[in-house]
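S.K.:
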Amino acid sequence: SCCDLGAHRRGMKSVHWGRKPSRVTADAEMACGNAHGPEERGLALMARARTLGEAQQSKSQVIASIEAALECAIPNPGNAPRPDAWWIHQAEMMAALALSRYGGMMGAITNYTDHAVEALPRSAVLLRTHAHLTLADAYVSDREYDQAATLTLTTLRSVPREHRQPVLFGRAHGLLKRVRMRAGHSTAATRLAEGLREYGEG
């Protein structure tokens with residue numbers, strides 16, 4: 018079936034960073050109707066929330082999907098989440114991501130992020146970094162561009178060299194693009210661009 022667990026994994030991977038949104042939307046809607054068990058249902062509901070959020074569609078539908086997805090989550094075992102798991106800290110990270118394109122949601126996003134990061138093992142460097150970049154995205158949505166630039170650069174500087182993967186800089190460049198679209202070549206955009214160039218990523 019196109020809605021088996023493999024489809025869930027492909028959908029969740031793409032929905033995280035906005036790849037192939039039409040495919041993700043179709044997978045998420047079908048998965049919601051065909052999920053077996055709470056883990057599959059939680060993954061599917063959050064994929065739906067993320068695709069709606071990325072398209073900035075109905076915030077009430079996003080929140081409803083998030084709440085239902087969180088109800089499906091199971092307690093954290095103290096490890097980084099697997100693609101086929103649906104643990105509470107994984108769900109909270111994705112809830113923050115789904116809300117990050119809506120202004121006025123910083124309180125909820127911060128709470129979800131703080132709870133998720135607190136539960137992650139210290140070795141989960143990439144997940145912690147993604148969580149902080151989600152907060153930076155939320156600052157952009159709130160038009161707090163200086164805070165977004167500062168958090169992005171501070172976060173990237175804290176990542177050990179061996180963990181500086183291209184996906185992190187891809188997110189940073191996406192954030193820079195959003196700042197430029199909203200505020201033009203502002204001081205925040207210039208500072209962020211210069212900071213990325215220091216990493217050879219400008």
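FYI, the numbering for the sequence shown is 18 to 219, going by the working numbering. Glycine included, every Cβ here is placed at the ideal spot set by N, Cα and C.
What is the rounded straight-line gap between the Cα of Leu209 and the Cα of Ile83?
M.R.: Distance between the alpha carbons of Leu209 and Ile83 is about 31 Å.
S.K.: Given a cut-off of 8 Å, decide if Ala102 and Thr130 are closer than it, judged by their beta-carbon atoms.
M.R.: Cβ atoms of Thr130 and Ala102: not closer than 8 Å.
S.K.: Among Pro92, Tyr156, Val142 and His180, whose alpha-carbon lies nearest the alpha-carbon of Leu116?
M.R.: The shortest C-alpha separation from Leu116 is found at Tyr156.
S.K.: Could you spell out the range, first to last residue, of the alpha helix (DSSP H) harbouring Gly59?
M.R.: Start and end: Gly54 to Glu71.
S.K.: With a threshold of 16 other CB atoms inside 10 Å of the CB of Ser158, please say whether the residue is buried or exposed.
M.R.: With 16 or more Cβ atoms within 10 Å of its Cβ, Ser158 is classed as buried.
S.K.: By the three-class DSSP mapping on this structure, what secondary structure does Ala205 have?
M.R.: Correct three-state label for Ala205: helix.
S.K.: Sorted by chain position, which residues of the same chain lie with C-beta nearer than 6 Å to Gln182's C-beta, five sequence neighbours on each side aside?
M.R.: Cβ within range, chain order: n/a, list empty.
S.K.: Is it right to say Gly212 is buried, meaning 16 or more other beta carbons lie within 10 angstroms of its own, or is it exposed?
M.R.: Buried is the call here.
S.K.: Tell me, to the nearest whole angstrom, how far the beta carbon of Met122 is from that of Leu144; I am working on the premise that it is less than 8 Å.
M.R.: That belief does not hold up - the Cβ atoms of Met122 and Leu144 are roughly 21 Å apart, past 8 Å.
S.K.: One question on the structure: do Ala205 and Ala166 come within less than 8 Å of each other, judged by their Cβ atoms?
M.R.: Cβ distance < 8 Å, so Ala205 and Ala166 count as in contact.
S.K.: Buried or exposed for Thr151, please, with buried defined as at least 16 other CB atoms from any protein chain shown within 10 angstroms of its CB.
M.R.: Flag for Thr151 reads buried.
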